[in-house]
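S.K.: Can you read through this structure? Questions will come right after.
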Amino acid sequence: MDEQKKIPRHVAIIMDGNGRWAERRKLPRKMGHAEGCKVLEQTVRDAADLGIDYLTVYAFSTENWKRPADEVENIMNILRDYLKDAKNFKDENIQVQFIGNIEALPEDIVLLIRDAEENSREATGLHLNIALNYGGQQEIVRAA
Ligand code: FPP
């Protein structure tokens with residue numbers, strides 16, 4: 059088997075450990091989330107370069123709303139900044155789609171999400187799925 063054939067078609071990642079990363083360095087949790095976002099950006103580029111077809115990232119679960127309000131606000135702001143750069147997806151030939159209960163997110167974020175999906179729809183490279191406001195229990199209820 060040549061090297062190319064060993065590349066998986068679909069990779070899924072749960073964004074986790076941001077808090078622990080920060081705590082270990084005696085930094086505030088928000089710095090852990092900022093770092094997690096940087097790592098995500100690099101991971102997306104690496105996945106595209108490797109020729110992976112689908113990358114699914116579980117970024118923010120329904121459970122995560124229970125975190126302190128300032129932490130949730132910080133995560134939403136990181137998400138806003140990430141989405142504002144979304145035009146880069148099209149330039150990098152990445153098609154981005156969001157899964158989860160998107161409509162329940164803050165309105166400005168919903169608009170940024172729909173823009174990012176629309177702008178990158180024609181891209182033919184990596185398919186990036188980002189799960190936001192997702193939950194296993196919720197999926198079961200919806201499927202029933
Ligand atoms: C888990 O780390 C991570 C989160 C709850 C939020 C991650 C999401 C972002 C940083 C927003 C950006 C997302 C995108 C798609 C740009 P944790 O705090 O649970 O870490 P711990 O398990 O070490 O406590």
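Per my numbering: the sequence shown = residues 59 to 202.
For glycine and all other residues, C-beta sits at the position ideal for the given N, C-alpha and C.
Do you know whose CA, among VAL168, ALA117, ARG87 and ASN122, lies nearest LYS142's CA?
M.R.: Checking every option, the nearest Cα to that of LYS142 belongs to VAL168.
S.K.: Can you determine whether any heavy atom of the ligand FPP sits closer than 7 Å to the C-beta of GLY193, and answer yes or no?
M.R.: The answer is no for GLY193.
S.K.: Helix, strand or coil: which one does DSSP assign to ALA144?
M.R.: Note: ALA144 maps to coil in three-state DSSP.
S.K.: Can you tell which of GLU131, GLN100 and ASP111 has its C-alpha closest to the C-alpha of THR182?
M.R.: It is ASP111.
S.K.: Buried or exposed: GLY109, going by 16 or more other Cβ atoms within 10 Å of its Cβ?
M.R.: Burial call: exposed.
S.K.: Just reading off the beta strand (DSSP E) that ALA70 is part of, what are its end residues?
M.R.: Looking at the DSSP string, the run of the beta strand (DSSP E) that includes ALA70 is 68 to 72.
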